[in-house]
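Asks:
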Amino acid sequence: MKSVKAVFLALALFLAASAGCLNGLPGLSGATYPKIVPDPTGTMPEPPEYQFPFQDHSVTLPPIPVESPVYAGARSAEKSARVYDGGIGEDEWLSGIYTSMIADPAQDRFYEDLLSRLRGIRVDHELDDDEYLELVTVFVQSIDYENLDLVHPKYPIETYVDGRGDCDDRSMLLAGLLSRERYRVSLLYFDSELHMGVGIDCDDEGYANTGYGYIETTNVTLVGIVPTTLRGGTVLSSYPLVMPVGDGTRTYTRCNETRAIWEKLGETEATLTESRSGIQVLESSLRAEAESLELQRSNLDALLARGNTRAYNHQVPAYNAAIRSYNQHLDEYREKSDLYNTLADLHNYILTHQHDRKGTFELLFG
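When the sequence shown is numbered by the numbering used here, its final residue is 429 and no position is left out of the sequence of numbers.
#1: In the DSSP assignment, what residue or residues form a beta bridge with A94?
#2: Taking contact to mean 3 or more Cβ pairs, one atom from each stretch, closer than 8 Å, check whether the segment 155–168 and the segment 106–121 are in contact.
#3: Could you tell me whether the Cβ atoms of Y208 and D176 are closer together than 8 Å?
#4: Identify which residue in Q170, D419, Y252 has its Cα closest to the Cα of S301.
#5: Under the rule that 16 or more other beta-carbon atoms within 10 Å means buried, what is K142, buried or exposed?
#6: Beta-carbon separation of F117 and H418 under 8 Å?
#7: Go ahead and label G370 buried or exposed: buried means 16 or more other beta carbons lie within 10 angstroms of its beta carbon, across all protein chains shown.
#8: Spell out the partners DSSP gives Q114 in its beta bridges.
#9: Among Q170, A169, V199, whose alpha-carbon lies nearest the alpha-carbon of G183?
#10: For E320, collect the residues of the same chain with a Cβ closer than 7 Å to its Cβ; drop the 5 residues on either side in sequence, then sort them by chain order.
#11: Could you give the residue range of the alpha helix (DSSP H) that holds Y258?
#12: Answer with buried or exposed for T372, where buried requires no fewer than 16 other C-beta atoms within 10 angstroms of its C-beta.
#13: Helix, strand or coil for M107? Go by DSSP, reduced to three states.
#14: Return the first residue and the last residue of the alpha helix (DSSP H) that G276 is part of.
#15: Within a Cβ cutoff of 7 Å, which residues of the same chain sit near L190, ignoring the five residues on either side of it in sequence?
#16: Taking only the alpha-carbon atoms, compute the straight-line gap between L426 and I220 and give it to the nearest angstrom.
#17: Using the three-state DSSP reduction, which class does P307 fall into: helix, strand or coil?
#18: Please classify S139 as buried or exposed, where buried requires at least 16 neighbouring CB atoms within 10 angstroms.
#19: Buried or exposed for K65, please, with buried defined as at least 16 other CB atoms from any protein chain shown within 10 angstroms of its CB.
#20: Figure out for me which residue from Y218, D171, N210, A238 has the closest Cα to the Cα of F202.
#21: State the beta-bridge partners of L251 as determined by DSSP.
Set out below in structure tokens:
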């Protein structure tokens, strides 16, 4: 995640303090935030064609026409805040930077054209509100991850055209799209972990009692599920700064299903770990039995070679009993291995089908 900054103007702070408020300073507000000034001479690369899995099919999203002056203006825009009021805290100006970059009106046509494509897919596949949110989410999650430690975050129009971005870039794009579709969303900024995700109203207490279910944007994951670890092994543990985006009221009503799927994944992991231990014990026992049988077989062959049939016949029943025991243990091993492999297939299916909440839930729970 990239850093953002605020520039504090000392003279403005002095004037504000002297005047007692900012209302007396003509043309001056408490802070100014990033703004796109279209560059009519600007150029841009060709936007990519996006392909990604969703539910039980693959989605192809052809490039939309993007205004190159807007893209160029976004690239060159100053992406920081100028703060004139010492009473504006870091949380406020930080939120102001991100939300102004998401809502910049110069991107209106970009948003509308992209959402028009996504709405077309919604109509074609008869998606409800929850499924449509999942479609938009998987689209953004499927954008290539990039972490170049750049100084500033990208505008959503930049992330789309570039076809890559890190956590804040992708989170801003997703929040911008969902907020314009009237979903109640926020940015969730984790300062200690230098990470950002998206929050969606799930009609419950949400992540860490924020009122928002968590959406990870750097990988394809289920809505409402917090990843165990992030890229680089980071674990989310701090309380996020919640930055509401837009004034939408639509909610996501399937967090109960995604939690049930994730709980089933945890159960399969625990069962696989326990089963793996038991199978390893059986494998060790079978190896020891096989070595013992080989030794007994060699002894029997030696007795026959010496013509000692009496001793041979005396030892054969024990050898045959050992073979029966080995075969019983081998059958047990095969049965447990088959069950393990079936469960492992289910576990891997859940992990690799997080783009398909609907199908995965139906598979697990009918």
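Positions of the beta carbon are idealized from the N, C-alpha and C atoms, including for glycine. All of these numbers come straight from a predicted model, not from anything done at the bench.
Replies: So, from the listed chains and residues:
#1: Per DSSP, V146.
#2: With a cut-off of 8 Å, the segment 106–121 and the segment 155–168 do not count as touching, because too few Cβ pairs lie within range.
#3: In this structure, D176 does not lie closer than 8 Å to Y208 by Cβ.
#4: Distance from the Cα of S301 is smallest, within the candidate group Q170, D419, Y252, for Y252.
#5: Looking at its Cβ environment, which holds 16 or more other Cβ atoms inside 10 Å, K142 is buried.
#6: Taking the C-beta atoms as reference points, H418 is found nearer than 8 Å to F117.
#7: Counting every other CB atom within 10 Å of its CB across the protein chains shown gives G370 a total below 16, marking it as exposed.
#8: Q114 is bridged by DSSP to T123.
#9: Looking at the Cα atoms, V199 is the closest of the given residues.
#10: Only residues of its own chain outside the window of five on either side were considered, and among them R420, F424 have a CB closer than 7 Å to the CB of E320, listed in chain order.
#11: Note that residue 258 is His in the sequence shown, not Tyr. Counting along the chain, H258 falls outside any alpha helix (DSSP H), though it belongs to the beta strand (DSSP E) covering 258–263.
#12: Sixteen is the threshold: since fewer than 16 other Cβ atoms of the shown chains lie within 10 Å of the Cβ of T372, the residue is exposed.
#13: Under the three-state reduction of DSSP, M107 is assigned to coil, being neither helix nor strand.
#14: Element bounds for G276: not the alpha helix (DSSP H) but the beta strand (DSSP E), 276–278.
#15: Only L198 meet the Cβ criterion.
#16: Looking at the two C-alpha atoms, the distance is approximately 37 Å.
#17: In this structure, P307 counts as strand in the three-state DSSP scheme.
#18: By the 10 Å Cβ count, S139 comes out exposed.
#19: Result: buried.
#20: Nearest to F202 by C-alpha distance, out of Y218, D171, N210, A238, is A238.
#21: Per DSSP, G260, V305.
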